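One structure below.
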Ligand SMILES: NC(=O)c1ccc[n+]([C@@H]2O[C@H](COP(=O)([O-])OP(=O)(O)OC[C@H]3O[C@@H](n4cnc5c(N)ncnc54)[C@H](O)[C@@H]3O)[C@@H](O)[C@H]2O)c1
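Given below as structure tokens:
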């Protein structure tokens, strides 16, 4: 699909990997709605980029706000062809922690934001895309989800996060198969370690030791490198129904 002719929603678009997608897609001529809880950052980013970017305060776990955000996007920009799911959280905790067994509320929260939030966008954005006029390739839309290498190599303390990310990888193919009849592709990116506020909060020592685990290039990924892959997925019609690791060959150790 040609970004110039597309309208996108990006969840988690006020920060990190989502923000990089918002910036690159807008630079390429797309119209973009930032769907995020973070009002200040979202509003500021939309104002900085200009009229083709809209901030809509959205909680991806809340069916009503997602439905409103999709509808508002279609109303303001005329259609919706791209949905990028970047909203996500991690609550590190051992299953058998010092303070007792894993709190099910924490497990539930991670699953709600990461997995149910992704599903919420897939179904509501997909429903809007279904009504698009197909392009010359027969495409009506593309969904890009964000998993993690923790889907396969979750570390101790990442059980909830790994469960949610493995599930995102798991839904990619069945949804792509179902959406094929509408010409809507569904892809997932599984990032390794990226330099975003999510990782920036870690102590310097931990960050340095993590970066040393990356074979080449031996550093954290730049958010723009994630956005480059998202752009390629939009543009390449053969990419469908799978998860791409974007990880500079890292395989996480147990701790
Ligand atoms: N940074 C990494 O190294 C890395 C690695 C693997 C996977 N990921 C995944 O990439 C995605 C983006 O992460 P990031 O590093 O850019 O993090 P980030 O914390 O910079 O951005 C996440 C954004 O999601 C928003 N958000 C959180 N809960 C939300 C909700 N309920 N509704 C709407 N918005 C919500 C936050 O406000 C924030 O703006 C996440 O799914 C994360 O799990 C990141």
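Numbering (this note's numbering), first residue to last: 44 to 298.
From the three backbone atoms N, C-alpha and C, an ideal C-beta is built for every residue, glycine too.
Owing to the predicted nature of the structure, the values given are computational and were not obtained by experimental measurement.
The DSSP-derived three-state label of residue 97 is strand. The closest heavy atom of ligand 1 lies 8 Å or more from the beta carbon of residue 134. For residue 97, the shortest separation between its Cβ and any heavy atom of ligand 1 does not lie below 8 Å.
Comparing alpha-carbon positions, the option among 205, 192, 76 and 91 lying closest to residue 101 turns out to be 76.
Sixteen is the threshold: when 16 or more other Cβ atoms of the shown chains lie within 10 Å of the Cβ of residue 74, as they do, the residue is buried. About 5 Å separates the beta carbons of residue 193 and residue 208, which is inside the 8 Å limit, making them a contact pair. For residue 105, DSSP assigns no beta-bridge partner whatsoever.
For residue 76, the enclosing beta strand (DSSP E) starts and ends at 74-79. Within the DSSP bridge table, the entry for residue 54 names 78 and 128 as partners.
In the three-state reduction of the DSSP assignment, residue 134 falls in the coil class.
About 4 Å separates the Cβ atoms of residue 84 and residue 57, confirming a contact at the 8 Å cut-off. Residue 176 sits in coil when the DSSP states are folded into three classes, being neither helix nor strand. The beta-carbon distance between residue 54 and residue 160, rounded to whole angstroms, is 7 Å. This is short enough to meet the 8 Å contact definition. Boundaries of the alpha helix (DSSP H) harbouring residue 214: 202-222, taken from the DSSP string. Inter-residue distance for residue 52 and residue 148 is about 29 Å (C-alpha atoms, whole angstroms). In the structure shown, the three-state DSSP call for residue 121 is coil. With 16 or more other Cβ atoms from the protein chains shown falling within 10 Å of its own Cβ, residue 289 counts as buried.
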